[in-house]
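Residue numbering for the sequence shown follows my numbering, beginning at 224 and increasing consecutively.
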Amino acid sequence: MTLTGNTRLAFLIFFASHIPITLMVDGQAFFPRSWYPQALIDVVDWYAATFKDKLMSYPRETWFTSMISIEIFFQLPFFFVAVHTLLQQKQIQPSKETKVDDLSCNNVKRMNKNNESTKPPTNATTPPSTSATISGNGHFRSLCLIYGASTATTLVPILSCVAFDPETSLTEKCILFGFYLPYLFFPAWLVWIAFWNEDVFADSGGRGGVNGENKAKVF
């Protein structure tokens with residue numbers, strides 16, 4: 224499995240939606256409240272009170288604020304890089320399926336005799352240049368590993384606080400887990416993809432298989 228097809232689309236939606244969430248919601252746990260309009264503050268306060276999310280309740284604990292600082296200064300820039308890269312891959316993928324119309328041998332001979340260009344007909348679609356595309360086996364793959372491992376790790380204490388909160392019921396814990404688990408699942412999934420595939424955009428699995436016979440190089 225690589226970052227192609229529906230998997231690429233799922234990660235594109237995840238990263239794109241994460242940008243406004245980080246800036247407008249999670250950022251309130253780090254930046255001064257005065258930086259935000261009252262309407263956004265009220266929404267976050269309503270969420271924290273309604274679903275009993277103590278982590279997002281004002282004032283926030285210092286350790287949680289430090290986690291949000293990682294999200295803002297490290298994860299947020301990566302979101303923009305990831306969205307740009309995944310959109311770029313969408314633009315070049317059709318070129319792999321596009322075929323230039325084959326010229327018959329007779330047409331080639333006739334064109335050669337008339338000293339005409341042997342280029343394909345103007346109605347043939349030629350693949351766009353991919354020289355400026357970001358490689359799936361270079362720095363982007365390394366960033367995927369770093370982002371995924373770091374983010375999944377930060378979710379461990381967050382989910383632990385939710386799970387062992389004595390003031391919330393089982394139903395309330397499950398609802399909060401529903402909010403937080405995607406931010407564990409997608410980073411962990413990204414680590415899996417980047418670890419087992421030397422090229423995260425390859426059409427098929429990378430050199431490393433899930434059986435561990437030939438692990439892909441990490442960097």
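All C-beta atoms in this analysis are idealised placements derived from N, C-alpha and C, irrespective of residue type, glycine included.
All of these numbers come straight from a predicted model, not from anything done at the bench.
Reference residue i, options the options, closest by Cα
| i | options | result |
| --- | --- | --- |
| Met279 | Leu232, Ala252, Ile293 | Ala252 |
| Pro300 | Cys367, Phe402, Thr225 | Cys367 |
| Thr376 | Leu263, Phe409, Gln312, Asp268 | Phe409 |
| Ala239 | His307, Asp388, Tyr259 | His307 |
| Ser365 | Leu393, Val379, Pro389, Val414 | Val414 |
| Ala305 | Phe237, Phe287, Glu395 | Phe237 |
| Pro255 | Thr288, Met224, Trp269 | Thr288 |
Residue i, DSSP secondary structure in three states
| i | result |
| --- | --- |
| Asn420 | coil |
| Ala425 | coil |
| Gly228 | helix |
| Tyr270 | helix |
Rounded separation between residue i and residue j - CA only
| i | j | result |
| --- | --- | --- |
| Phe234 | Ser257 | 32 Å |
| Ile291 | Val266 | 18 Å |
| Leu309 | Arg231 | 7 Å |
| Tyr406 | Gly228 | 21 Å |
| Ala372 | Ile416 | 12 Å |
| Phe297 | Trp412 | 19 Å |
Cβ-based neighbour list, residue i, same chain, cut-off 6 Å, excluding 5 preceding and 5 following
| i | result |
| --- | --- |
| His241 | Phe302 |
Proximal residues to residue i (C-beta, below 8 Å), its chain only, five neighbours per side dropped
| i | result |
| --- | --- |
| Leu399 | Phe274, Lys275, Asp276, Val385, Thr391 |
Spatial neighbours of residue i in its chain, beta-carbon cut-off 7 Å, leaving aside the 5 residues before and after
| i | result |
| --- | --- |
| Glu294 | Thr245, Asp249 |
Beta-carbon gap between residue i and residue j smaller than 7 Å
| i | j | result |
| --- | --- | --- |
| Asn360 | Glu284 | no |
| Leu226 | Val423 | yes |
| Phe363 | Ile357 | yes |
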